[in-house]
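**Q**
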Amino acid sequence: MKEKIMAELNWENNSKAMFDKLIESSPKPFRAMTEKKLLAAMTAKAGEAGTVTEDIVIESVKEVTPKPFVGMALKGIESLKS
């Protein structure tokens, strides 16, 4: 299921690298849940075309990440923003 969703998304600029880094930096016990929630949020925002921009990744992080960890998550992908 996840692979199907990933294949249908069109990643722009560094959005895929940002997503990968977010999953990588999530604590192991929470990775699957983080990936599922982020994918759901990004897919909803990407619309019919399935285009995922860097801004969509950032918006999705803010939406699904527990408040105390948002800053840390965003700082981790800051260098990837083009």
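Those letters in the sequence shown? Residues 4 to 85, per my numbering, in order.
Yeah, the Cβ is synthetic: ideal placement off N, Cα and C, and Gly gets one too.
Note that this is a predicted model, so its numbers are computed, not measured.
#1: Pick helix, strand or coil for T68, following the three-state DSSP scheme.
#2: Based on Cα-Cα distance, which residue from G79, E38, S29, N16 lies nearest to M9?
#3: Quick check on T54: does DSSP put it in helix, strand or coil?
#4: Should A35 be labelled buried (16 or more other beta-carbon atoms within 10 Å of its own) or exposed?
#5: For the region 50-58 against the region 66-74, are there 3 or more C-beta pairs whose distance is under 8 Å?
**A** This is what the structure gives:
#1: coil
#2: E38
#3: strand
#4: exposed
#5: no
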